[in-house]
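A.B. asks: Residue numbers in the sequence shown follow this note's numbering, run continuously in steps of one, and reach 300 at the last position.
Think of the CB as a built atom: it goes at the ideal place given N, C-alpha and C, for glycine as much as any other residue.
Encoded as structure tokens, here's the structure I'll be asking about.
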Amino acid sequence: MKQVVIVANFAATFGGNFIQSMKALQANEEISVRYILPEAARKCNWIPELTKVYYTDWSFGSLRSVWKEVNQAQVVDIVHFHFVGGKEALRCKIVFSPADKIVWHLHNHVVRWPGRLVWFKDLAKRYLYHGSYKIGVSNSVADSMRFYSSKHVTTVYNAMDFDRLSWIGEDHYIETSSKAIHCMIMGNHYERKGVDIAAKAMQLVEWGGTSSCTICGT
């Protein structure tokens, strides 16, 4: 049985598709899945839906302690990183490198910022992605990773399952003409996710007809 550890910097108020997909993965009888999540996730109401969960504050000491505990229970075959970036990602690469396979799952482009230290940042990113498997949620995200490590890069398109919204009654639907443009923006972090920018953009665009924008959040 493959031993998989999901390392995710994820502590959203609503688990959504991400947690549902993790549950589907751990239901596979040929895969054992455990999780390493941030300390902030302890209070999340979707934690009981998962199997064994460990927590970290992303410091070297905390990561080493968790890695030791995880391997004492069962030696890890695959480490899958999701929503982990920056200095936290480098620390994770150093600590978790003994794993047979490391997978990086990225939603955002790997940006090459200009500046005096660009060579150092390039070196760090090449180290980060070297010898690992890389997943981008779009072709452009995957291409941005190929600059630093061209092997084992693939695209798995990001998607949203609207079935969980089936409880919404007819009273909540917005009546528009057949030519109307309707946008739905979903996000828990109003400013960090750019929902505020999208809402302002909707006000500025001249659609040449009727349009509407629905914002879903907490």
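1) Under 8 Å Cβ to Cβ from F92, same chain only, skipping five residues before and after it: list those, please.
2) Measure the alpha-carbon distance for L132 versus G197 and round it to whole angstroms.
3) Mapping DSSP to helix, strand and coil, what is M83?
4) When the Cα of C126 is compared with those of G213, F96, Q285, Q108, which residue comes out closest?
5) Quick one: any contact between the region 183 to 190 and the region 145 to 156, if contact means 3 or more CB pairs under 8 Å?
6) Quick one: what's got a C-beta closer than 8 Å to S144's C-beta in the same chain, skipping five residues either side?
7) Which same chain residues, not among the five before or five after E170, have their C-beta less than 8 Å away from its C-beta?
8) For F178, count the other beta carbons within 10 Å of its own beta carbon; 16 or more makes it buried, fewer makes it exposed. Which is it?
9) Going by DSSP in three states, L286 sits in which element: helix, strand or coil?
10) Between which two residues does the alpha helix (DSSP H) holding S147 run?
11) So, is Q85 buried or exposed, given that buried needs 16 or more other C-beta atoms within 10 angstroms?
12) Just reading off the alpha helix (DSSP H) that I217 is part of, what are its end residues?
13) In this structure, how does DSSP classify V166 when only helix, strand and coil are distinguished?
14) Write down every uninterrupted run of the alpha helix (DSSP H) in the region 173 to 214 whose length is 4 residues or greater and which is fully enclosed by it, in chain order.
15) Indicate the three-state DSSP secondary structure (helix, strand or coil) for V89 in the structure shown.
16) For T236, write down the residues that DSSP places opposite it in a beta bridge.
17) In the structure shown, what three-state DSSP assignment does S222 receive?
18) When we look at the beta-carbon of A106 and count the other beta-carbons within 10 Å, is it buried (16 or more) or exposed?
C.D. replies: The relevant details are as follows:
1) Counting only Cβ-Cβ distances below 8 Å, and skipping sequence neighbours, we find F100, L119, P120, A123, H164, F165.
2) Looking at the backbone, the Cα of L132 and that of G197 are separated by about 43 Å.
3) M83 falls in the coil class under three-state DSSP.
4) Residue F96 is the option with its Cα nearest to C126.
5) The region 183 to 190 is not in contact with the region 145 to 156.
6) Cβ neighbours of S144 beyond the five flanking positions: T138.
7) The residues are N91, W140.
8) Within 10 angstroms of the beta-carbon of F178 lie 16 or more other beta-carbons, which makes it buried.
9) If DSSP states are grouped into helix, strand and coil, L286 belongs with the helices.
10) First-last of the alpha helix (DSSP H) with S147: 142 to 155.
11) Per the 10 Å Cβ criterion, buried.
12) Careful: I217 lies outside any alpha helix (DSSP H), inside the beta strand (DSSP E) at 215 to 218.
13) Three-state result, V166: coil.
14) Secondary structure within the region 173 to 214: the alpha helix (DSSP H) runs of 4 or more consecutive residues, fully enclosed, are 200 to 211 (chain order).
15) Strand at V89.
16) Looking at the DSSP assignment, T236 forms a beta bridge with I217.
17) Under the three-state reduction of DSSP, S222 is assigned to helix.
18) When all chains shown are included, A106 counts as exposed.
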